[in-house]
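J.: Following my numbering, the numbering of the sequence shown begins with 4 at its first residue and continues without gaps. Beta carbons are placed, not taken as given, at the ideal position from N, Cα and C, and that holds for glycine. On a predicted model such as this, the values are computed, not experimentally measured, just so you know. Pasting a structure here, questions to come.
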Amino acid sequence: MNKTILCIGAGYVGGPTMAIMADNCPDYKVIVVDKNEARIKAWQSDTLPIYEPGLDEVVKRARGRNLFFSTDIFGGIEEADIIFVSVNTPTKTFGAGAGKAADLQYWEKTARDIIEHSSGDKIVVEKSTLPVRTAAAMQRILQSNTKGLNFEVISNPEFMAEGTAVTDLQHPDRVLIGSMNTPGGQAALQRMLDIYLHWVPREKIKTTNIWSSELSKLVSNAMLAQRISSVNSISALCEKTDANILEVSAAMGLDSRIGSKFLRASIGFGGSCFKKDILNLVYLSEFYGLPEVAAYWEQVVLINDYQERRFVAKICNKMFNTIAGKKIAVFGFAFKADTGDTRESPAIYVCKMLLEERARLAIHDPKALENAMLDLTGETGDITYCADPYEAVKGAHCIAVLTDWKDFLKYDFRKIYELMEKPAFIFDGRNLLDHQAMFDIGFNVYPLGQPALSHLK
Ligand code: UDX
Ligand code: UDX
């Protein structure tokens with residue numbers, strides 16, 4: 004049996020997923036390819052292209068043994084008979100479905116590359132998140148080959164979250180494998196089981212029909228995001244009623260039917276997946292003639308935008324209705340803690356709105372400053388990027404906490420208070436800091452969905 008696995012796309016999903024697979028399956032050779040030469044060079048180096056706790060050790064153990072990174076996509080296709088495809092599927096920016104539908108051009112091109120460079124049968128695994136029924140289109144394209152080759156399409160979506168990728172991949176809640184109900188489909192499913200059973204208990208591997216698998220991935224992300232938007236909408240109501248969102252979330256979460264996770268109020272969810280996948284779900288619902296379903300899910304994204312706008316409006320309002328010319332220390336730019344990733348980070352939108360109000364920004368983040376610079380390229384206004392938090396707060400009127408980095412808790416807030424303009428404000432968009440302690444130091448503190456602690460009369 005050919006025991007070579009290929010993964011096309013060495014991004015946040017493909018890289019860690021394959022590293023864990025190679026680590027757990029020493030009897031397989033795993034090749035990860037990408038068209039981006041700089042990315043592959045980084046995967047081959049001591050400085051990996053993404054920051055993910057614990058990943059360095061896994062990569063170091065497997066790399067050169069049975070894990071290889073390369074730009075030779077065509078050679079990889081030729082060599083492997085199981086091909087995971089983890090290329091990006093961004094939201095379409097043009098033509099029909101622009102702004103909502105998934106742009107599948109990289110996927111289709113990859114399918115065509117696979118046909119062109121294959122001389123034997125292959126299993127093609129959808130690792131990227133794709134619209135339901137993409138596998139049907141893929142199967143049609145692949146079967147149109149004139150070489151008499153057979154291709155089986157499998158759906159095996161990835162549920163890992165950034166920042167916890169290594170643990171999520173090593174101990175997944177579930178592995179989902181969707182396959183066609185044909186002899187070929189079932190044989191391909193067996194090959195997939197052979198791989199995952201190296202480290203995942205059988206009861207955690209869920210096998211479904213291929214359409215359920217594709218749709219489950221989209222809906223899982225939509226459900227998670229929906230919980231955040233639900234809580235965020237209630238955080239606004241809490242601020243009007245002196246209720247406390249932390250207490251409300253905790254009280255709700257104690258109901259075992261609701262559960263306690265993903266009920267943290269925030270300035271909004273970010274990341275490469277949530278918004279893209281919900282918009283895709285909205286598009287699919289419209290496409291299949293279900294406008295009510297589409298409107299329901301679209302509201303999750305609209306509340307997210309509202310929450311970001313609401314946060315900026317509060318900063319302006321509390322700082323005497325103007326922030327023009329005032330320095331704001333932005334603490335955190337990554338879309339969540341423990342990652343340098345800033346894709347769709349609420350910080351991007353919040354910072355742009357603050358710049359529109361002519362605030363001066365000093366942005367501080369432990370891992371995401373380079374990406375922040377790229378995201379704000381071309382913005383007009385006074386922006387500085389500070390690796391040192393004390394530099395960022397010097398002469399600042401307020402701190403806006405935009406990412407839940409635990410590192411911030413270790414900072415010397417007495418010293419920070421001394422360095423700032425007075426009155427000094429903290430707007431905690433993640434409910435991260437010890438608000439009473441901050442208030443006692445002298446700050447006017449505006450948490451999210453909780454009563455403010457203000458010295459101003
Ligand atoms: C991506 C998708 O965004 C997500 O929906 C899906 O579930 C998994 O793949 P991610 O790994 O975070 O997630 O994306 P990204 O970091 O952009 O990686 C994709 C990689 O594919 C890039 O490195 C890109 O260079 C590569 N790629 C893309 C190719 O090698 N060939 C292509 O034709 C297109
Ligand atoms: C998500 C899904 O969790 C994962 O299963 C899927 O494979 C990819 O998309 P990720 O985007 O990496 O993972 O991170 P996640 O932990 O889900 O956080 C997404 C966003 O929601 C972040 O901006 C985070 O700060 C925010 N969030 C999360 C909240 O605002 N409140 C919460 O309670 C939880």
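1) What are the boundary residues of the alpha helix (DSSP H) that Y352 is part of?
2) Hey, would you say the C-beta of Y15 is under 8 Å away from at least one heavy atom of ligand 1?
3) Hey, how far is the Cα of A298 from the Cα of K103?
4) By alpha-carbon positions, which one of E60, A316 and G274 ends up nearest to E165?
5) Among the residues of its own chain, which have a CB less than 6 Å from the CB of G445, if the five just before and after it don't count?
6) Beta carbon of A399, beta carbon of A332: below 9 Å?
7) Fully enclosed by the region 396-440, which beta strand (DSSP E) runs are 3 residues long or longer?
8) How far does the alpha helix (DSSP H) with R230 in it reach, from first residue to last?
9) What would DSSP say about K207, mapped onto helix, strand or coil?
10) So what does DSSP say about E129, is it helix, strand or coil?
11) Which of helix, strand or coil does DSSP assign to K264?
12) With 16 other CB atoms within 10 Å as the buried threshold, where does N324 fall?
13) From this set, V251, D84, M322 and G335, which residue's C-alpha is nearest I157's C-alpha?
14) Pairing CB atoms from the region 115-131 with CB atoms from the region 140-160, are three or more of them under 8 Å?
15) Can you tell me whether S182 sits near ligand 1, meaning its C-beta is under 8 Å from at least one heavy atom of the ligand?
16) If you draw a straight line from the alpha carbon of V251 to that of V222, how long is it in whole angstroms?
17) By DSSP, does Y109 sit in helix, in strand, or in coil?
18) Helix, strand or coil: which one does DSSP assign to S288?
19) With hydrogens ignored, establish whether the beta-carbon of R177 is closer than 8 Å to any heavy atom of ligand 2.
20) Would you tell me roughly how many angstroms separate the C-alpha atoms of L9 and E81, rounded to the nearest one?
21) Check whether the Cβ of R312 sits closer than 8 Å to any heavy atom of ligand 2, and report yes or no.
22) Does DSSP put V251 in a helix, in a strand, or in coil?
23) Going by alpha carbons, who is nearest to L456 out of L145, E359, K321 and A340?
24) So which of R205, T342, Q453 and D59 has the shortest CA-CA distance to R1?
25) Where DSSP assigns a beta bridge to K32, which residues make up the other side?
26) If I measure Cβ to Cβ from F162 and keep anything under 8 Å in the same chain, skipping five residues before and after, which residues do I get?
27) Rounded to whole angstroms, what's the CA-CA distance from D443 to E394? Just pull it up for me.
28) Should P134 be counted as a contact of ligand 1 given a C-beta to heavy atom distance under 8 Å?
T.: According to the structure data:
1) P349 to E359
2) yes
3) 13 Å
4) G274
5) Y420
6) yes
7) 401-404 and 428-431
8) I213 to T244
9) helix
10) strand
11) coil
12) exposed
13) D84
14) yes
15) no
16) 25 Å
17) helix
18) helix
19) no
20) 10 Å
21) no
22) helix
23) K321
24) The displayed coordinates of the chain run from 4 to 460. Any statement about residue 1 would go beyond what the structure contains.
25) T7
26) D171, P175, D176, R177, L179, K220 and S223
27) 23 Å
28) no
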